[in-house]
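When you number the sequence shown by the working numbering, it's gap-free, plus one each residue, and the end is 380.
Here a beta-carbon is modelled for each residue, glycine too, at the ideal position from N, C-alpha and C.
Remember, it's a predicted structure, so these values are computed and weren't measured experimentally.
Structure, as structure tokens:
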Amino acid sequence: MSLLQVQDLKTSYGKVNVLAGVSFQVEPGETYALVGESGSGKTTVIRAIAGLAPAQHGSVKFNGMEIRGASERKLRPLRKDIAMMFQDPVGSLSPRLTVGRLITEPYKIQGMKDRDLNLEAKRLLEMVNLPSHFADRFPYQLSGGQARRVGVARALALEPKLILADEPTAGLDVSVQGELLNLLNDLRERLGLAMVIITHNLNVVRHVADRMGIMYLGRLVEEGTTEEIFRASRHPYTRCLLSANSEPDPDARLERIALKGEPPSLLTRPHGCEFRERCPFAHSGCERVPVWEVENGHGLRCLAPLTS
Numbered sequence: 073m074s075l076l077q078v079q080d081l082k083t084s085y086g087k088v089n090v091l092a093g094v095s096f097q098v099e100p101g102e103t104y105a106l107v108g109e110s111g112s113g114k115t116t117v118i119r120a121i122a123g124l125a126p127a128q129h130g131s132v133k134f135n136g137m138e139i140r141g142a143s144e145r146k147l148r149p150l151r152k153d154i155a156m157m158f159q160d161p162v163g164s165l166s167p168r169l170t171v172g173r174l175i176t177e178p179y180k181i182q183g184m185k186d187r188d189l190n191l192e193a194k195r196l197l198e199m200v201n202l203p204s205h206f207a208d209r210f211p212y213q214l215s216g217g218q219a220r221r222v223g224v225a226r227a228l229a230l231e232p233k234l235i236l237a238d239e240p241t242a243g244l245d246v247s248v249q250g251e252l253l254n255l256l257n258d259l260r261e262r263l264g265l266a267m268v269i270i271t272h273n274l275n276v277v278r279h280v281a282d283r284m285g286i287m288y289l290g291r292l293v294e295e296g297t298t299e300e301i302f303r304a305s306r307h308p309y310t311r312c313l314l315s316a317n318s319e320p321d322p323d324a325r326l327e328r329i330a331l332k333g334e335p336p337s338l339l340t341r342p343h344g345c346e347f348r349e350r351c352p353f354a355h356s357g358c359e360r361v362p363v364w365e366v367e368n369g370h371g372l373r374c375l376a377p378l379t380s
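This is how it looks when you write it as structure tokens:
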């Protein structure tokens, strides 16, 4: 049984359909990445999973239990199994609390009074490779990379099975990004964590994700293993994103495919394929609505798929 199952998730704010039917699943110990431009709905997906954003339709199951729309009484035992890492590493930390109090606060929230909070703070800081004296610091005394590690430590406090990470490397220098990604990979292997990571940084995806889904205007348009997507993506939008990505191999020669214009407004979704007005491979048949098709584990929503 999958650890997380998201099925036909839909979210609207007024007349704006932010999520238009998102489905995917995450296995125990797996890292799944959601990728797409700003406004594609990535953050709304994980906020809906965490119960921080409304979802008017669909299903979110964790360990087989439906959690979308569940009461707080039913959700409370699961809170320790699902942890959230927010995008702003400093802004998500209360400036009035020391690091030690911040990373052990989940124990108090869960009513776990049998813990030695000083020992737990030391243990959690060691897990993210920070010295124990950081427990006495305040968030403003941390660098961006240190604040992000504190966020990881806080997320790990209750030994969760799933971490939802919103742009975990945003705003960090490249060298610090690498250190953080190596830390996340190490923690996943040691603790058996599953992760859902949202990012626009494809190098992050390549470094940490087992599988990935590409989002456009609140829908998944392609999904597969990270290796397969990078090697043989079939959706023109995915290919455009990959071609614009910085290639770590200096000898690689990638055909650059330019995206036309900006994503359309969610208030005025295009008819037919919603990507066709920006797609360099669109044809007259793309005025129809593409359906989601899966072949050999590779999902695709496209009427003009690429073959090589």
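When DSSP states are grouped into helix, strand and coil, D258 belongs to the helix group.
Nearest neighbour of L228 by Cα position, chosen from A242, L375, A266, T241, turns out to be A266. In this structure D258 is exposed. Its beta-carbon is surrounded by fewer than 16 other beta-carbon atoms within 10 angstroms.
In the three-state reduction of the DSSP assignment, N89 falls in the strand class, which pools E and B. Here DSSP, grouped into helix, strand and coil, assigns A237 to strand. Partner residues in the beta bridge of S84, as assigned by DSSP, are N89. For G371, the secondary structure class from DSSP, reduced to helix, strand or coil, is strand.
Rounded to the nearest angstrom, the gap between the Cα atoms of K87 and G108 is 22 Å. DSSP places S215 in the coil class of the three-state scheme, outside both helix and strand. Under DSSP, L106 takes part in a beta bridge, and its partners are I270, G285. For G243, the CB contacts under 6 Å within the same chain, skipping 5 residues up- and downstream, are G216 in chain order. Contact between the stretch 220-237 and the stretch 267-275 is present: three or more C-beta pairs spanning the two stretches fall below 8 Å. In terms of Cβ geometry, L197 and A155 do not form a close pair [threshold 8 Å]. Of A125, R209, P203, S305, the smallest CA-CA separation from R168 is found for R209. In this structure, G290 and V132 do not form a Cβ contact; the two beta carbons are roughly 16 Å apart against a cut-off of 8 Å.
Going by DSSP, V132 is part of the beta strand (DSSP E) stretching over 129-134. Rounded to the nearest angstrom, the gap between the Cα atoms of R140 and E102 is 22 Å.
Here the alpha carbons of A376 and A219 stand approximately 44 Å from one another. A Cβ-Cβ contact shorter than 8 Å links L378 with R311.
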